[in-house]
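J.:
Number of protein chains: 2
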Amino acid sequence: MTTTIQPRTLKTRARLIEAATAIVAESSFTELRVEEVVRRAGVAKGTFFAHFKDKDALLDRMIGEIIDQHLDQISAQDTPKTIDEILDTLTPLMWFMGSERTVFDVILRYSGAASVEEIGPIAATFERFIHVLADWFVDGPFRQDADPATLAEGVQAFVFQALALNFCALNNTRPVRDRLRPYLELWLHPAKTLDPQG
Amino acid sequence: MTTTIQPRTLKTRARLIEAATAIVAESSFTELRVEEVVRRAGVAKGTFFAHFKDKDALLDRMIGEIIDQHLDQISAQDTPKTIDEILDTLTPLMWFMGSERTVFDVILRYSGAASVEEIGPIAATFERFIHVLADWFVDGPFRQDADPATLAEGVQAFVFQALALNFCALNNTRPVRDRLRPYLELWLHPAKTLDPQG
DNA sequence: CAAGAAAAATGACCGTGGTCAATTATGGAG
DNA sequence: CTCCATAATTGACCACGGTCATTTTTCTTG
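Those protein sequences? They're chains A and B, same order as listed.
Here the first sequence is numbered in my numbering, starting from 835 and rising by one per residue.
Here the second sequence is numbered in my numbering, starting from 835 and rising by one per residue.
(1) To which residues of the same chain is A/Ile953 closer than 6 Å at the C-beta, ignoring the five residues directly before and after it?
(2) Could you tell me whether any Cβ in chain A is nearer than 9 Å to the Cβ of B/Ala957?
(3) For chain A, find out if any of its Cβ atoms is closer than 9 Å to the Cβ of B/Phe992; answer yes or no.
(4) Count the other C-beta atoms from every protein chain shown that fall within 10 angstroms of the C-beta of B/Gln840, then say buried if there are 16 or more, exposed otherwise.
(5) What residues in the segment 993 to 1021 of chain A bring their beta carbon closer than 8 Å to a beta carbon of chain B?
(6) Counting Cβ pairs closer than 8 Å, one from the segment 929 to 937 of chain A and one from the segment 859 to 869 of chain A, do we hit at least three?
(7) Tell me the DSSP secondary structure of B/Glu860 in three-state form.
(8) Can you determine whether any heavy atom of the ligand HEM sits closer than 8 Å to the C-beta of B/Asp939, and answer yes or no?
(9) Return the residue from the list A/Ile851, A/Leu985, A/Glu852, A/Phe976 that minimises the CA-CA distance to A/Glu919.
(10) Classify B/Pro955 as buried or exposed, calling it buried when 16 or more other Cβ atoms lie within 10 Å of its own Cβ.
(11) For a test of the three-state rule: what should DSSP assign to B/His1023, helix, strand or coil?
(12) Pull out every residue of the segment 940 to 952 of chain A whose Cβ sits closer than 8 Å to any Cβ of chain B, in chain order.
(13) At the level of alpha carbons, what is the spacing between B/Arg1015 and B/Asp890?
(14) What ranges does the beta strand (DSSP E) occupy inside the segment 860 to 888 of chain B, keeping only unbroken runs of at least 3 residues that lie completely in it?
(15) Using beta carbons (cut-off 9 Å, strictly below), is A/Leu985 in contact with chain B?
(16) Evaluate the contact criterion for the segment 847 to 860 of chain A versus the segment 874 to 888 of chain A: three or more CB pairs, one atom per stretch, below 8 Å.
(17) B/Gln990 lies in the alpha helix (DSSP H); which residues open and close that run?
(18) My output table needs one value for A/Arg957: the three-state DSSP class, helix, strand or coil.
(19) Does the count of Cβ pairs from the segment 958 to 966 of chain A and the segment 979 to 994 of chain B closer than 8 Å reach three?
(20) Is any beta-carbon of chain B found at less than 9 Å from that of A/Gln840?
(21) For the alpha helix (DSSP H) holding B/Val937, just list the boundary residues, first then last.
(22) Could you tell me the distance, in whole angstroms, from the CA atom of A/Arg1008 to the CA atom of B/Val877?
(23) Report all residues from its chain with a CB closer than 7 Å to the CB of B/Ser945; omit the five preceding and five following residues, and keep chain order.
(24) Suppose you measure from the CA of A/Val966 to the CA of B/Gln903; what does that come to, to the nearest Å?
(25) Indicate the three-state DSSP secondary structure (helix, strand or coil) for B/Ala947 in the structure shown.
(26) Can you say whether A/Thr777 is buried or exposed, counting buried as having 16 or more other CB atoms within 10 angstroms of its CB?
(27) Ignore the nearest five residues each way along the sequence and tell me which others in B/Ala875's own chain have a CB closer than 7 Å to its CB.
(28) For the alpha helix (DSSP H) containing B/Ile920, list its first residue and its last residue.
(29) Could you compute how far the alpha carbon of B/Gly974 sits from the alpha carbon of A/Arg943?
(30) To the nearest angstrom, how far is the alpha carbon of A/Pro982 from that of A/Leu1022?
(31) Against chain B, does A/Gly988 count as a neighbour if the rule is that its beta carbon must be under 9 Å from one of theirs?
(32) With a threshold of 16 other CB atoms inside 10 Å of the CB of A/Pro1024, please say whether the residue is buried or exposed.
(33) Which of the three DSSP states is assigned to A/Pro975 in this structure?
(34) What is the rounded straight-line gap between the Cα of A/Trp929 and the Cα of A/Ile941?
(35) Taking only the alpha-carbon atoms, compute the straight-line gap between B/Phe971 and B/Leu985 and give it to the nearest angstrom.
Given below as structure tokens:
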């Protein structure tokens, strides 16, 4: 019943990730090829799939790690008090999410956990993302009539919406930040627009 | 300069679409294979790609047509006056959008126009969708402090969010409708929650 | 109808993700 | 140290989307 994991397993997996990271650094996630990864790692193709369910599982892990680093940065900053401060804080993460269509597609597909027992790296970061956002909305200067977690999920929805629109040639003249702002104002400060005195 | 389109071109394309439609009816969009389409249509593989840029272009067209039929239904109904009526009205379209992961992925990828001159079928339906929604919000019982088009885009964002969450095993116990409602209440009726008397 | 130009169709071929039966390496028991 | 169960690796092979030089069909013009 005990499945022993041999040391070489970890070594091989590390080599695969290292090779993939190097390829992405040199070119992009879009250009990443499994055959190139195994060539550089010096293993056979089948070995790759013994370590990762499929190519997307590798991307999930790599992209999840980068998002997590962004969340570290975001958490380390002061709690934003205005819409503009929120936009400032989220901009680096959003820039990464929209840096490549491939990256955005993988994030969209894996931002929800596939199942309870095997929650993937990206899904985990988005759970964390919601918590970070929700904390901003507890006792903050933003609307207090809603569950902070629901507000956070709404912000996430708007981030995805703004990024998705950014990928259409029709709309990508405006920066993502400017497209996100009106949503957040109506979502987080409804009193301001409903009652100008507020 | 004049590129003549021969009658057989239309006939071949019709056969391809007919074959694809039959396959989807028998199985699903997920199971659709280009090789099976051309086999049934009685043409060579290369012919397919002379008619459609790639497999996704066919899916774009087929799915766009179905969405358009849903919008016909939605337009034919009375303008919804409450959140629940909105949910009732949107449910069939949302059910289709979430019927297969493949369908949802294609919709996400093509809901924005790739470029001004070649706006795809799905992108066109989502422009129409925004207009239909925006019309509900002009002089309606919903918040009047915001641009109707922006409100409509927000609803679209929440629809995508609710559907995306529905694809995670973690969350798919609740129907999509129930997941969408809280967002819409906070988005379209902020006065109700901010001021209970309202 | 003949001839030639343009449009349409063809199918062998390629790239790349993914599979799996066979082989090799590892570590623990005696 | 030897044996062997099992973990790990291998690479030939498959599935399927997509390409393109070549061939066939159609339309036009005289």
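Glycine residues also receive a C-beta, built at the ideal position from the N, C-alpha and C atoms.
It should be emphasised that the depicted structure is a prediction, and the values quoted were computed from it without experimental measurement.
T.: According to the data block:
(1) Ala947
(2) Yes, B/Ala957 lies at the interface with chain A (some Cβ there is under 9 Å from its Cβ).
(3) With a threshold of 9 Å between beta carbons, B/Phe992 makes contact with chain A.
(4) exposed
(5) Phe994, Gln995, Ala998, Leu999, Phe1001, Cys1002, Ala1003, Leu1004, Asn1005, Pro1016, Tyr1017, Leu1020, Trp1021
(6) Contact between the segment 929 to 937 of chain A and the segment 859 to 869 of chain A is present: three or more C-beta pairs spanning the two stretches fall below 8 Å.
(7) helix
(8) Looking for the ligand HEM in the displayed structure turns up nothing, as the structure carries no ligands at all.
(9) A/Phe976
(10) buried
(11) coil
(12) Leu942, Arg943, Ser945, Gly946, Ala947, Ala948, Ser949, Val950
(13) 32 Å
(14) none
(15) yes
(16) yes
(17) Note, B/Gln990: alpha helix (DSSP H), 982 to 1000.
(18) The amino acid at residue 957 of chain A is misidentified as Arg; the sequence shows Ala. Three-state result, A/Ala957: helix.
(19) no
(20) no
(21) 935 to 944
(22) 45 Å
(23) Ile956, Ala957, Phe960
(24) Roughly 41 Å between the two C-alpha positions.
(25) Coil.
(26) Nothing in the structure corresponds to residue 777 of chain A, since chain A is present only between 835 and 1032.
(27) Same-chain partners within the cutoff: Arg849, Leu850, Ala853.
(28) 917 to 931
(29) 35 Å
(30) 10 Å
(31) yes
(32) buried
(33) coil
(34) 13 Å
(35) 8 Å
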